[in-house]
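The structure appears below as structure tokens.
There are 2 protein chains.
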Amino acid sequence: MNSVICTVDVVLLTLKNNALHVALIKRDREPFAGTLALPGGFVHAEEDRDDLDAASRILRDKAGISSPYLEQLGTFAGAARDPRGWSASIAHYALVPEAVIVKALSPAVQLVPVDGLKGLPFDHQLIVETAVTRVRSKSTYSSLPAHLAGEQFTIPQLQKIYELLMGEPINKVSFYRKMTELAMIEEVPDAFETTRGKPAQLYRLKKEFRSVLSMTDRALNAGK
Amino acid sequence: MNSVICTVDVVLLTLKNNALHVALIKRDREPFAGTLALPGGFVHAEEDRDDLDAASRILRDKAGISSPYLEQLGTFAGAARDPRGWSASIAHYALVPEAVIVKALSPAVQLVPVDGLKGLPFDHQLIVETAVTRVRSKSTYSSLPAHLAGEQFTIPQLQKIYELLMGEPINKVSFYRKMTELAMIEEVPDAFETTRGKPAQLYRLKKEFRSVLSMTDRALNAGK
DNA sequence: CAAATAGTGTCTATAAGACATTATTGG
DNA sequence: CCAATAATGTCTTATAGACACTATTTG
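In order, the protein sequences belong to chains C and G.
Position 16 of the first sequence, counting from 1, maps to 116 under the numbering used here, and the rest follow consecutively.
Position 2 of the second sequence, counting from 1, maps to 102 under the numbering used here, and the rest follow consecutively.
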């Protein structure tokens, strides 16, 4: 009756060279051995309390990432997606700053730009596209993109991240207003970053938003 | 390795007596035989092409509902939710007008108000709450609630549905504007409904939105 | 004709965007 | 002092809400 193959996959996203990248791993087993694919695997019934737990474990073991922003994306199931038979993949997505990934990444993992991705096994292409769409649409209304920034960041840096995700410029004044409205970041006392011009105040995500989102009703639209 | 129990459950929602109701069925098997629970079941690997297909079949066979608005909600998985062991339920939600459900419903099915629901087996309480929250939050931005209206409806009737879902009154002018903006409904030529006062124009969902949503960026907020 | 409900016109309030201005650094 | 960037002030524009008014029915 229950011949369903049940796995957990993770779409690990980060920003690198001003573009969204996904972490892929060379599969060491059939089917599709040797192909780049999403990190994933079977549930360990004795070890994983739930699917988020399994996704965490996979990220830890396969990519060396320990406490990313992690959320369930949805389940991709059906008869056609896996040559072994009817299967269900509980897909998740994770966001981490590039710094974290650079430090932790095992050599087997590759970061690939999400735009123009192709040749993925199973329906991993669809899963990645769904994750990217989800992240983009949530970005408009929430603090989600902040999880792609490092531990400390300036508001202009954060705005750049939002702009990269949404693919269009944001009005600077509106962005400052939005950051105040979401109330998710706090100044790091006496910490500034200077590159060229006036030094920028450094901020960090408030503790209570490290793994939760701050939402707003109002969209952050395009502007100059 | 893969001892995971994989099932599909459906949260079938409708409006009845001005309140959101969920369809529950008395379970005929262990565990929890005799208890009211969400309609659900195992995937039929030979019959169901994917999880939506399985959800459709379950609705058809258990509730006699044939083409509702149906969407995946998410997967509820873990070691603790089912006494038989580690399990994953791919949950879906469906919206139908009350008229459809009244005509189709088998006697084994009961409609229960979603507010104050309790005593459900497994984590079905959580699944229902998640579905209701999802429907409510999507309602603000989309044509979703129209799937709870009958085939033909007046704008004031539709507004009432939105108000019931969101739990607060909506500004009448804003609502008319929003309906125009979403562009998902069309007048039924020369069809009006009269109860008391000026007859109201009847509308229907445009064909292209029968199973898809029309979204807007702007929220529909409370008003008089 | 009064009451009720549908539908619209229009003013006001609010929030977002444009743009200018000030602030503060390095060269 | 100039160029560059951060941060903020403020005017304009767009959109939502309030409210009144017209339209059309029933009793």
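For glycine and all other residues, C-beta sits at the position ideal for the given N, C-alpha and C.
None of these values were measured; they are calculated from a predicted model.
Taking 3 residues as the shortest admissible run, the segment 116–172 of chain G contains the following complete beta strand (DSSP E) segments, listed from N- to C-terminal end: 119–126, 140–142. The beta-carbon separation of Gln172 (chain C) and Thr175 (chain G), rounded to 7 Å, stays under the 8 Å limit for a contact. Chain C places no beta carbon closer than 8 Å to that of Ala249 (chain G), leaving this residue out of the contacts. Straight-line spacing of the CA atoms in Leu152 (chain C) and Tyr169 (chain C) works out to 11 Å. Of all alpha-carbon atoms in C:His247, C:Pro256, C:Phe275, C:Tyr276, the one lying nearest the alpha-carbon of Lys306 (chain C) is that of C:His247.
Annotated three-state conformation of Arg304 (chain C) is strand, per DSSP. Contact annotation: Tyr303 (chain G) and Glu286 (chain G) have beta-carbon atoms nearer than 8 Å. In the DSSP assignment, Val110 (chain G) is bridged to G:His192.
Listed along the chain, the chain G residues whose CB falls inside 7 Å of the CB of Val143 (chain C) are Val104, Trp186. Chain-ordered listing is empty here: chain C has no CB closer than 9 Å to the CB of Ala231 (chain G), the nearest sitting near 14 Å.
In the DSSP assignment, the residues bridged to Met315 (chain C) are C:Ser242.
For Ala133 (chain C), there are no C-beta contacts with chain G under 7 Å, since the nearest C-beta of that chain is about 17 Å from it. Each of C:Thr280, C:Phe309, C:Gly250, C:Leu265 was checked against the Cα of Ala119 (chain C), and the nearest Cα belongs to C:Leu265. Residues of chain C with a Cβ closer than 8 Å to the Cβ of Arg149 (chain G) are, in chain order, Gly178, Ala179, Ala180.
Spanning the alpha carbons of Glu281 (chain G) and Ser314 (chain G) requires a straight line of approximately 10 Å.
Nearest to Glu146 (chain C) by C-alpha distance, out of G:Val104, G:Gly297, G:Ala319, is G:Val104. Contact with chain C is found for Ile190 (chain G), since one of that chain's Cβ atoms lies less than 8 Å from the residue's Cβ.
Sixteen is the threshold: since fewer than 16 other Cβ atoms of the shown chains lie within 10 Å of the Cβ of Pro299 (chain G), the residue is exposed. Per DSSP, Phe275 (chain G) is one residue of the alpha helix (DSSP H) stretching across 272–282.
By the Cβ neighbour-count rule, Pro245 (chain G) is buried, with 16 or more other Cβ atoms within 10 Å of its own. Interface flag for Ala119 (chain C) against chain G is unset, since no Cβ pair is found closer than 8 Å.
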